[in-house]
Amino acid sequence: MAAVRFTVTKPDEEEAPFGDGRSSYGAAGAGSVIFGDNAALHKDHIPFAENEDPESPFSNHMALYEDDLQHSGKISQVLSRIANYQAGITPNPDEVEKGKNHQSKKANLGTVLGVYLPCIQNIFGILLFVRMTWIVGMAGALESFFMVFISCLTTMLTSISMSAIATNGVVPAGGSYFMISRALGPEFGGAVGVLFYLGTSVASAMYIIGAVEILVKFIVPQIAIFDDVFHNYRLYGTCVLLVLGLIVFVGVKFVSKFAALSLACVIISIVCIYIGIFAAGSINNVEICMFGDRLLDSDSVMLNGSFYCVKNESSPIYQHYCVDNNFTGDACDYYKEKENMAHIVKGIPGMTSGVFMDNAVSHYTEEGNIVGTEEPGSRSRGEVIADITTSFMVLLAIYFPSVTGIMAGSNRSGDLADAQKSIPTGTILAIATTSFVYVTSVFFFAACIEGPLLRDKYGISIGGNMLIGMLAWPNEWVIMIGSFLSTLGAGLQSLTGAPRLLQAIAKDNVIPFLSLFGKTTKRGEPFRALLLTAAISELGILLANLDYIAPIITMFFLMCYGFVNMACALQTLLQTPNWRPRFQFYHWTLSLLGLSLCITLMFISSWYYALAAIALAFCIYKYIEYKGAEKEWGDGIRGLAMSAARYSLLRLQEGPPHTKNWRPQLLVLMKLDGNLQPKYPKLIRFASQLKAGKGLTLVMSVIEGNFREKFADSQAAKLSLSNLIKEYGVKGFSDVCVSDSVTEGICHLIQNAGLGGLKHNTVVIGWPYGWRHEADLRSYKVFIDSVRNTEAGQLALLVVKGIDQFPEHNEKLRGTIDVWWIVHDGGLLMLLPFLLRQDKSWKHCKLRIFTVAQLEDNSIEMKKDLKTYLYQLRIDADVEVVEMSTSDISAYTYERTLMMEQRTQMLRDIRCKRIEPQQIIDRAHQTSPTRSVKLDTVHEEVDAVLEAVHEEGFVPSESLTDVSVDKSQFTFSPQDGKRVTKQLLDLKPDTKNVRRMHTAVRLNEHIVEKSHDAQLVILNLPAPPKHTAGDENYMEYLEVLTEGLERVLMVRGSGREVITIYS
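So for the sequence shown, this note's numbering puts the first residue at 48; every next one is plus one.
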């Protein structure tokens, strides 16, 4: 059909001008309305709207999004704030520039310095130096290997779960407490946080006692004051605690510097041990005295300063066994047996000696018996006896603290250059390294050291020397000094970290009575928390025995690790939208296995300690729950399902969900056809594609009419909706509302759908296809009113255009999903494609993010910040920044705006019956004589003409320049072309409408250029007009914005953040 151009002017206002400057969308003034193709005119002389508006920085190329940009700020500001870790989850663009000068400088540590070495330092502790050989001697190589293996397996599985949680966002200070509390809630988080704090505090006591044991037993035994060695431990342990506490309070910088020295000591000591292992037998002169199968104290066989290990009447052995017992008793009888000979044995014969087979099996000993035997022993006879009853469970509880310390990397996430890469890599490598050292040391110790000497815990058979020091090269002092300094360093680290952990718990205010420990000094030191930590550590020091302290620490850390595994498993099984770990090598079965191992090890180690730890955690949990929001439990139980549902609904009603827990709860508004069947059933299919969010889905519709008369229809429509929900496998509910008007019915659903806290937060609505063709205002008024009502209810809105082109259930798309991020909407534009890609129809599509840079923005910096932001969100996508230059408004834009306003005015006139449609059709289609058109086809002809104007109104046609208008008779003649042309040139549309159309045209050009092959385009839905006068114009803007695109999803956020970079 040829392009037709004609003018309709109301007789009483024919001279009224355009461009009255009203601010609402398409606020067309009273005056001439022009339709048609102006491309043939001299466009360079058309009086376009000015490009500059001093009132708004967005008035030209981003005028369509002006309200949103003024409210939420430019994308460049949002990206700058988020990418540079400005405080808070919600970006505040007003503080971006202000905050740049106050950013604290990060250490930007890499994987080795930031995670690997700190974890090595924390995992290798005192037990490696003073208990490892004893454990191997008692449990044997095979059971010791299993002990080490199960412990290291537990920490490895925990580290995998921790890596998934730690890479699911930014983890501030607080380590495991932060991860668990944010993953499982304040009750579990507070309980586990307190247990982890207690474990860290008691660990400081273990390190202090270990350091004092090395000092008093091996380095300077002369300083012992009391005959009871444990009294010495208590005295000197308290003194060391006071000194370390003072250092922590006064000089935290010294603690950091001492950590490097401590780490060096650990590494050097282990290297020396390995050298000594391979050199054992050739350079080692350690000797022990064996009487039968009994290991004797070296001091008991000293005679005149000489080592005298012989069986005769002049030997010390004869004196202790027979003379001191008056030649009677079992001891003297044992001495008289001929097979029990006294002989000197090389204590460290080397790996080729063949002692491994003897050390492969266990030699558990009861307290008071001679080590490695079932016979009672006596220190007066010089026998080395067991001070505690040993078993696999006891030794496992003592050993497990040797593999703790895996949280050191996550606690330093703020100082890492790339925490999401460094934490998993560094932690897993550190555990693999330490596990290798522990496993190999088990077999090396069993292969090169005599079994009785391994079972000598304090080395009294070798003159009170440290066994592992005697094994090391070149001298035992390397190990003694190294282990002493490294243990002090570990104690300092515990005394530094525990108060800050308590401070973090106190500041969260989940346990009210701990709030006083959140106070700090002027220098930011948690002094009160330090005092409490020192008091708890002192209680551990008063126990004075590593073998009693270690099982307590085991319980606390196993509880903590168990909850880390449980948090990861629950997050994975629930598939929350925020669960997007960058670390991919995890699985919920591994987390459940880790949780099972933690629980098993707790009860294997000590069932009564395990029950005590669980009871303590339960009490803290209930206390936090009690001190939290008040609960309504009801006055009776009418069924488990009803009680659980009611309890859950009440919990949901306590407040809005945290950003991490946000998921799309969909209200899908369905349009029904004449048979009460859904007109666009693929809307439900689209909702099912968002099922990765595991959220609520409500499918509802509205029937216009009287409820009493339409009830049967509503039930039939509800049944059809329910059947459609079942067909698509959507877990949701359906309902139909009968209302006097569709708009009021939809408004009612938006307000009141759902129950209690189980309400929708996102409205899904289809595009009103054919709104141009409908003479009835409801064709688009319902749509725009729904947009306004959704925005008023602070809900998110999804407008689906091209729904018939969306994939079927078995259809798999390949290509790209393109997101055009124009204004910040809380992150919904980022979350939706992530959820869609969980569905098999979209999983093979790649994600591309486009954002718009304005003239004053640095596009290179924006691209860098956007990549950083997406990396922190754990979303893989290609990034591109599109520059919107301040180009002049084109003739096309001007004419499109002019035609839009003319069309709007004409439709108003037709609907108000101000002119006869038949006359317009007749004049539009006649060439010279008037051509009549039947009145019963008026509406069809009007639609045809309007569509022709829209479709073909921009095609150049020389013949159209001669068309004229007779304003009084509505007849068209070719006589006054020049006058009409001059009149067109003098007309000027509304300035702001031109600019909004300019935004739509320019954005559409860029979108079509970049995303014409995309399987889906997701972009921001502009704010609706404030006044109803601009409704038609708003619809036209959206049509222009999405022209040439097959599948479009327009999104409008609710005003709150729905996605976060934090864990």
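Ideal Cβ placement from N, Cα and C applies to all residues, glycine included.
Review point. Which first and last residues belong to the beta strand (DSSP E) in which residue 504 is found?
Key: That residue, residue 504, is in no beta strand (DSSP E); it is neither H nor E in DSSP.
Review point. Can you tell me the Cα-Cα spacing of residue 427 and residue 172, whole angstroms?
Key: 34 Å
Practice item. Tell me whether residue 102 is buried or exposed, calling it buried when 16 or more other Cβ atoms sit within 10 Å of its Cβ. Key: Note that residue 102 scores a pLDDT of 48, beneath 50, so its modelled location is shaky and nothing firm can be said.
Point to revise | Separation of residue 868 from residue 1159, as counted between CA atoms | key: What the structure shows of the chain is the stretch from 48 to 1110, and residue 1159 is not part of that stretch, so it cannot be assessed.
Practice item. Out of 322, 400, 406, 339, point me to the one whose CA is closest to residue 386's CA. Key: 339
Practice item. Starting from residue 393, trace the alpha helix (DSSP H) both ways and give me its first and last residue. Key: Residue 393: not part of any alpha helix (DSSP H); member of the beta strand (DSSP E) spanning 389 to 393, first to last residue.
Check your understanding: Counting Cβ pairs closer than 8 Å, one from the stretch 655 to 673 and one from the stretch 594 to 610, do we hit at least three?
Key -> yes
Review point. Going by the beta-carbon positions, is the gap between residue 573 and residue 550 smaller than 7 Å?
Key: yes
Point to revise | Beta carbon of residue 832 nearer than 7 Å to that of residue 1100 | key: no
Exercise for review: Tell whether a beta-carbon distance below 7 Å holds between residue 613 and residue 495.
Suggested key: no
**Study point:** Helix, strand or coil at residue 628 according to DSSP, with G and I counted as helix
**Key:** coil
Check your understanding: Straight-line CA distance for residue 888 to residue 854?
Key -> Approximately 7 Å between the Cα atoms of the pair.
Point to revise | Range of the contiguous beta strand (DSSP E) that encloses residue 751 | key: 744 to 751
Review point. Quick one: is residue 729 buried, meaning 16 or more other Cβ sit within 10 Å of its Cβ, or exposed?
Key: By the 10 Å Cβ count, residue 729 comes out buried.
Practice item. Give the straight-line distance between the Cα atoms of residue 542 and residue 581, rounded to the nearest whole angstrom. Key: 8 Å
Review point. With 16 as the cutoff for other CB atoms within 10 Å, does residue 436 come out buried or exposed?
Key: Result: exposed.
Point to revise | Residues that residue 336 bridges to, as DSSP identifies them | key: 391
Point to revise | For residue 880, three-class secondary structure by DSSP | key: helix
Review point. Apart from the five residues on each side of it in sequence, which residues of its chain come closer than 8 Å, Cβ to Cβ, to residue 849?
Key: 814, 1092, 1093, 1094, 1095
Review point. So which of 893, 597, 451 has the shortest CA-CA distance to residue 167?
Key: 451
Point to revise | For residue 844, the first and last residue of its enclosing alpha helix (DSSP H) | key: Per DSSP, residue 844 belongs to no alpha helix (DSSP H); it is in the beta strand (DSSP E), 843 to 848.
Exercise for review: Count the other C-beta atoms from every protein chain shown that fall within 10 angstroms of the C-beta of residue 204, then say buried if there are 16 or more, exposed otherwise.
Suggested key: buried
Review point. Taking C-alpha atoms, which residue in 878, 1060, 414, 421 lies nearest to residue 433?
Key: 414
Review point. Near residue 751, what residues of its chain come up, given a Cβ to Cβ distance below 6 Å and the 5 sequence neighbours on each side ignored?
Key: 789
Point to revise | Under the three-state DSSP convention, the category residue 83 falls into | key: Model confidence at residue 83 stands at a pLDDT of 36, short of 50, so the residue's coordinates are unreliable; what they give is reported in the following sentence. DSSP, read as helix, strand or coil, puts residue 83 in coil.
Exercise for review: Under the assumption that residue 860 contacts residue 880 (Cβ atoms under 8 Å), give the Cβ distance between them as a whole number of angstroms.
Suggested key: At roughly 12 Å, the Cβ-Cβ gap does not stay under 8 Å, so residue 860 and residue 880 are not in contact.
Practice item. Assign residue 586 to one of two classes, buried (16 or more other C-beta atoms within 10 Å of its C-beta) or exposed (fewer than that). Key: Per the 10 Å Cβ criterion, exposed.
Check your understanding: Does the stretch 922 to 931 touch the stretch 893 to 908, meaning 3 or more C-beta pairs lie closer than 8 Å?
Key -> They touch, by the three-pair rule.
Check your understanding: CA-CA distance, residue 509 and residue 323?
Key -> 17 Å
**Study point:** Bounding residues of the alpha helix (DSSP H) (the contiguous stretch that carries residue 285)
**Key:** 276 to 297
Practice item. Label residue 799 either buried or exposed according to how many other C-beta atoms from any shown protein chain fall within 10 Å of its C-beta, with 16 as the threshold for buried. Key: Flag for residue 799 reads exposed.
**Study point:** Backbone CA spacing between residue 919 and residue 546 [nearest angstrom]
**Key:** In a straight line, the C-alpha of residue 919 is about 29 Å away from that of residue 546.
Point to revise | Residue from 425, 358, 159 whose Cα sits closest to the Cα of residue 372 | key: 425
Check your understanding: DSSP on residue 349, reduced to helix/strand/coil?
Key -> strand
**Study point:** From 696, 590, 406, 200, residue whose alpha carbon lies closest to that of residue 805
**Key:** 696
Review point. By Cβ distance, which residues of its chain are closer than 8 Å to residue 355, with the 5 residues on each side in sequence left out?
Key: 348, 349, 362, 363
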